[in-house]
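K.L.:
Per this note's numbering, residue 41 is the first one in the sequence shown, and the count goes up by one each step.
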Amino acid sequence: MNDGLVSEYKSNLPQFEALRDAAVAHTLAMLERAGLGIHHVTGRVKKPLSLEDKLRRKPGRYRSLPDVTDLVAVRVITYFESDVGAVSRLIEANHTVDWEHSIDKSKMHDPDRFGYMGVHYVVRLTPDTPGLAAFAGMGFEVQIRSILQHAWAEIEHDLGYKNRDAIPREVQRRFYRLAGLLEMADEEFMALHRLSRDYAATLPERVQTEPEGVFIDAQSMKHLLNIPPVRPLDEDVAGALQVRLLVGWPDPDRPQRLARLLHYVGVNSVGALQKELGRSREDVRRFARQLMPLLREAWTPAGGVRPGTSVVHYALLRACANPSLDPHEIVAMLDMRGVLGSQELVQAVQEAYRAFLNEAAPDARTLPELPPTEQTPP
41 MNDGLVSEYK
51 SNLPQFEALR
61 DAAVAHTLAM
71 LERAGLGIHH
81 VTGRVKKPLS
91 LEDKLRRKPG
101 RYRSLPDVTD
111 LVAVRVITYF
121 ESDVGAVSRL
131 IEANHTVDWE
141 HSIDKSKMHD
151 PDRFGYMGVH
161 YVVRLTPDTP
171 GLAAFAGMGF
181 EVQIRSILQH
191 AWAEIEHDLG
201 YKNRDAIPRE
211 VQRRFYRLAG
221 LLEMADEEFM
231 ALHRLSRDYA
241 ATLPERVQTE
251 PEGVFIDAQS
261 MKHLLNIPPV
271 RPLDEDVAGA
281 LQVRLLVGWP
291 DPDRPQRLAR
301 LLHYVGVNSV
311 GALQKELGRS
321 REDVRRFARQ
331 LMPLLREAWT
341 PAGGVRPGTS
351 VVHYALLRAC
361 ANPSLDPHEI
371 VAMLDMRGVL
381 GSQELVQAVQ
391 EAYRAFLNEA
401 APDARTLPEL
411 PPTEQTPP
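1) Rounded to a whole number of angstroms, what is the C-alpha to C-alpha distance between Gln390 and Ala312?
2) What span of residues does the beta strand (DSSP E) with Ile184 cover, start to end?
3) To the nearest angstrom, how far is it from the Cα of Leu331 to the Cα of Ile184?
4) When the Cα atoms are used, what is the spatial distance from Ala63 to Met261?
5) So Leu45 and Leu105 are supposed to be a Cβ contact under 8 Å. How far apart are they, rounded?
6) Could you check the C-alpha separation between Ala361 and Gln314 for me, to the nearest Å?
7) Below 8 Å, how does it come out for the region 228 to 240 and the region 114 to 131: are there three or more Cβ pairs, yes or no?
8) Taking all protein chains shown into account, do 16 or more other C-beta atoms lie within 10 angstroms of the C-beta of Pro272, making it buried, or fewer, making it exposed?
9) Suppose the cutoff is 6 Å on Cβ atoms and the five residues either side in sequence are ignored; what does the same chain contact list for Asp152 look like?
10) Between Pro333, Ala278 and Val307, which lies nearest to Glu252 when the distance is taken from Cα to Cα?
11) Determine the extent of the beta strand (DSSP E) in which His233 is found, giving its start and end residues.
12) May I ask which residues mark the beginning and end of the beta strand (DSSP E) holding Thr82?
13) What are the complete alpha helix (DSSP H) segments, minimum 4 residues, inside the region 277 to 313?
14) For His160 and Val386, I'd like the C-alpha separation in whole angstroms.
15) Locate the beta strand (DSSP E) running through Ala126, then write down its first and last residues.
16) Is it the case that the Cβ atoms of Gly494 and Arg60 are separated by a distance below 9 Å?
17) Based on Cα-Cα distance, which residue from Ala225, Ala342, Ala133 and Asn134 lies nearest to Pro290?
18) Got a sec, what are the start and stop residues for the beta strand (DSSP E) Thr118 sits in?
19) What residue from Arg329, Met373 and Leu334 has the CA that sits closest to Ala299's CA?
20) Which residue's Cα is closest to the Cα of Trp139: Val114, Arg101 and Phe180?
21) Which partner residues of Asp323 appear in the DSSP bridge assignment?
22) Which word fits Val211, buried or exposed, when buried means at least 16 other C-beta atoms lie within 10 angstroms of its C-beta?
23) My output table needs one value for Gly344: the three-state DSSP class, helix, strand or coil.
24) From Gln189, Ala113, Ile256 and Met224, pick the residue whose C-alpha is nearest to that of Tyr239; which is it?
25) For my contact list, Gly158 and Ala193 are in at a C-beta cut-off of 8 Å; report their separation, rounded to the angstrom.
26) Closest to Leu265 by C-alpha separation, out of Leu301, Leu89 and Val287, would be which residue?
27) Secondary structure at Val351, three-state DSSP: helix, strand or coil?
28) Given this structure, state the Cα-to-Cα distance separating Arg294 from Val305, to the nearest angstrom.
29) Going by C-alpha to C-alpha distance, which of His263, Arg329, Ile267 and Arg246 sits closest to Val277?
30) Give me the residue from Gln383, Val324, Leu335 and Arg346 with the minimum Cα distance to Arg358.
31) Can you give me the Cβ contacts of Lys98 inside the same chain, cut-off strictly under 8 Å, excluding the 5 residues immediately before and after it?
32) His160 by DSSP, collapsed to three states: which one?
33) For Phe229 and Ala176, what's the separation of their Cα atoms in angstroms?
34) Alpha carbon to alpha carbon, how far is Ser350 from Ala173?
35) Which class does Asp257 belong to by DSSP, given the choice of helix, strand or coil?
36) Could you tell me which of Leu397, Leu243 and Ala58 sits nearest to Arg326, measuring between CA atoms?
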């Protein structure tokens with residue numbers, strides 16, 4: 041019988057591979073609709089040799105291919121253990137679950153055992169299954185686990201310890217210690233996720249009511265790019281240059297770079313930035329009018345200036361006026377690589393600053409001495 045099942049499986053392998061691809065696509069679409077951030081989703085089809093080995097190890101258990109519930113499997117790896125439950129609820133809501141063959145391994149271990157703690161579902165497809173009706177009568181397994189549970193399972197499998205009894209007594213204590221560390225790490229990652237989410241949710245109110253108490257970081261900077269005084273001053277700079285402000289520019293690292301830049305020039309709170317941009321508004325506009333025409337090769341291809349351009353020009357002004365600050369550092373922080381090298385960019389900044397000083401006070405012909413620096417790679 042085993043040989044017959046393996047031969048039948050080989051003959052129908054293309055259909056199982058098609059089911060795998062469709063099941064992965066269906067799962068990805070389902071997760072996207074739910075708005076869940078997932079580490080990755082993969083699919084696999086059991087190899088004929090693996091099926092042959094399974095049938096040999098468990099003689100008489102499988103009488104037909106549908107009895108082998110893991111011929112096709114989809115694996116969902118979440119960032120956080122709490123999302124395992126969220127994905128599980130989605131699977132139950134969108135599939136017909138074969139509860140007899142499904143298992144929640146997190147409920148099987150003793151309290152001192154982190155172990156695998158994954159959730160396995162076997163789903164059966166019907167003509168009413170959205171997106172998978174063409175595979176009615178077939179089924180596949182869905183494995184759900186967090187990234188740390190996945191790491192544990194992979195390492196445990198690599199060591200050859202598939203169950204508790206397989207672990208030598210001499211190493212069991214270390215396994216339990218590691219299990220506790222991983223479980224604590226999973227809980228701490230979930231706590232960090234909640235804190236980060238709560239921090240972002242309260243930012244708008246705190247920026248409005250207590251700006252001095254809000255630290256400049258990537259999240260607060262991302263928020264500031266869309267509100268006064270940064271957004272209106274960005275628009276002023278763009279208007280003075282007669283170009284567009286590129287709202288929505290795809291650069292997720294820019295808020296972090298701008299935050300680091302502000303720390304470098306000594307601005308650490310939202311309140312301090314608001315005051316600085318308020319009193320420097322006209323200086324920032326005039327300096328941008330001097331500098332940007334000198335750097336057309338660097339920014340013209342984008343078709344405008346990016347959000348936060350006022351913050352960049354403010355920081356460059358601070359660097360030029362303060363001998364302890366180095367414009368090369370700012371160029372490196374902003375990752376201003378392109379057609380111009382670091383030295384050329386700094387020379388343009390210094391030239392624009394001279395013109396800015398002369399425009400402000402025609403008798404002022406000297407630029408504050410800048411510290412000697414080595415050329416920084418772009």
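By construction, the Cβ of each residue, glycine as well, lies at the ideal position given by its N, Cα and C atoms.
Note that the structure is predicted; figures quoted are calculated from it, not measured.
P.N.:
Once the coordinates are examined:
1) One-based indexing of the sequence shown puts residue 390 at position 350. One-based indexing of the sequence shown puts residue 312 at position 272. The C-alpha of Gln390 lies about 25 Å from the C-alpha of Ala312.
2) Counting from one through the sequence shown, the residue named residue 184 turns up at place 144. Secondary structure note for Ile184: its beta strand (DSSP E) is the uninterrupted segment Gly179 to Ser186.
3) Your numbering for residue 331 matches position 291 in the sequence shown. Your numbering for residue 184 matches position 144 in the sequence shown. The alpha-carbon separation between Leu331 and Ile184 amounts to approximately 54 Å.
4) Within the sequence shown, the letter at position 23 stands for residue 63. Within the sequence shown, the letter at position 221 stands for residue 261. Going by the C-alpha atoms only, they are around 40 Å apart.
5) As a first step, residue 45 is located in the sequence shown; it is residue number 5 there, counting from the start. As a first step, residue 105 is located in the sequence shown; it is residue number 65 there, counting from the start. In this structure, Leu45 and Leu105 form a Cβ contact; the two beta carbons are roughly 6 Å apart against a cut-off of 8 Å.
6) On the sequence shown, residue 361 is found 321 positions in, with the first residue counted as 1. On the sequence shown, residue 314 is found 274 positions in, with the first residue counted as 1. Each residue's Cα considered, the two are about 20 Å apart.
7) Contact between the region 228 to 240 and the region 114 to 131 is present: 3 or more CB-CB pairs across the two stretches fall below 8 Å.
8) Working through the sequence shown from its first residue, we reach residue 272 at position 232. Looking at its Cβ environment, which holds fewer than 16 other Cβ atoms inside 10 Å, Pro272 is exposed.
9) Here residue 152 refers to the residue found at position 112 when the sequence shown is read from its first residue. For Asp152, the pLDDT reaches just 47, beneath the cut-off of 50, and the residue's location in the model is therefore unreliable, although a value from the coordinates is still provided. For Asp152, where only same-chain residues beyond five positions count, the Cβ hits under 6 Å are Tyr216.
10) Residue mapping note: residue 252 aligns to position 212 of the sequence shown, counting from 1. Comparing Cα positions, the closest option is Val307.
11) As a position in the sequence shown, residue 233 is number 193, starting the count at 1. Where His233 is concerned, there is no enclosing beta strand (DSSP E), although the alpha helix (DSSP H) it sits in stretches over Arg209 to Thr249.
12) Here residue 82 is taken as the residue at index 42 of the sequence shown, counted from 1. Start and end: Ile78 to Val85.
13) Segments of the alpha helix (DSSP H) lying fully in the region 277 to 313: 294 to 304.
14) Residue mapping note: residue 160 aligns to position 120 of the sequence shown, counting from 1. Residue mapping note: residue 386 aligns to position 346 of the sequence shown, counting from 1. The alpha-carbon atoms of His160 and Val386 are separated by roughly 58 Å.
15) Within the sequence shown, numbered from 1, the residue matching residue 126 stands at position 86. Not the beta strand (DSSP E): Ala126 falls in the alpha helix (DSSP H), residues Glu121 to Asn134.
16) Residue 494 is absent from the structure shown; the chain starts at 41 and stops at 418.
17) Sequence index remark: in the sequence shown, residue 290 carries index 250 (1-based). It is Ala342.
18) Within the sequence shown, numbered from 1, the residue matching residue 118 stands at position 78. Its beta strand (DSSP E) spans residues Val112 to Thr118.
19) As a first step, residue 299 must be located in the sequence shown, where it is residue number 259. Residue Met373 holds the alpha-carbon nearest to the alpha-carbon of Ala299 among Arg329, Met373 and Leu334.
20) Along the sequence shown, one-based indexing puts residue 139 at 99. Of Val114, Arg101 and Phe180, the residue nearest in Cα terms is Phe180.
21) As a position in the sequence shown, residue 323 is number 283, starting the count at 1. Paired residues: none, contrary to the question.
22) Start at 1 with the first residue of the sequence shown, and residue 211 comes out as number 171. Result: exposed.
23) Position 304 of the sequence shown holds residue 344. Gly344: strand per DSSP, three-state reduction.
24) Sequence index remark: in the sequence shown, residue 239 carries index 199 (1-based). When each option's Cα is compared against that of Tyr239, the closest is Ile256.
25) Taking the first residue of the sequence shown as position 1, residue 158 is located at position 118. Taking the first residue of the sequence shown as position 1, residue 193 is located at position 153. Going by Cβ atoms, the distance from Gly158 to Ala193 rounds to 7 Å, so yes, they are a contact pair.
26) Indexing the sequence shown from 1 puts residue 265 at position 225. For Leu265, the nearest C-alpha among the options comes from Val287.
27) Position 311 of the sequence shown, counted from the start, is the residue given in the question as residue 351. Val351 falls in the helix class under three-state DSSP.
28) Indexing the sequence shown from 1 puts residue 294 at position 254. Indexing the sequence shown from 1 puts residue 305 at position 265. Rounded to whole angstroms, Arg294 to Val305 spans 17 Å at the Cα level.
29) Position 237 of the sequence shown, counted from the first residue, corresponds to residue 277. The shortest Cα separation from Val277 among His263, Arg329, Ile267 and Arg246 belongs to Arg329.
30) In the sequence shown, counting from the first residue as 1, residue 358 sits at position 318. Comparing C-alpha distances from Arg358 to each of Gln383, Val324, Leu335 and Arg346 shows the shortest one belongs to Val324.
31) Residue numbering aside, residue 98 sits at position 58 when the sequence shown is read from its first letter. So the list is empty, once near-sequence residues are dropped.
32) For the purposes of this step, residue 160 is identified with residue 120 of the sequence shown, where counting begins at 1. Strand at His160.
33) Position 189 of the sequence shown, counting from 1, holds the residue named residue 229. Position 136 of the sequence shown, counting from 1, holds the residue named residue 176. Cα to Cα, Phe229 sits roughly 39 Å from Ala176.
34) Within the sequence shown, the letter at position 310 stands for residue 350. Within the sequence shown, the letter at position 133 stands for residue 173. CA-CA distance, Ser350 to Ala173, rounds to 55 Å.
35) Counting from 1 along the sequence shown, the entry for residue 257 is found at position 217. DSSP places Asp257 in coil when its eight states are reduced to three.
36) In the sequence shown, the residue the question calls residue 326 occupies position 286. Here the closest residue by C-alpha is Leu397.
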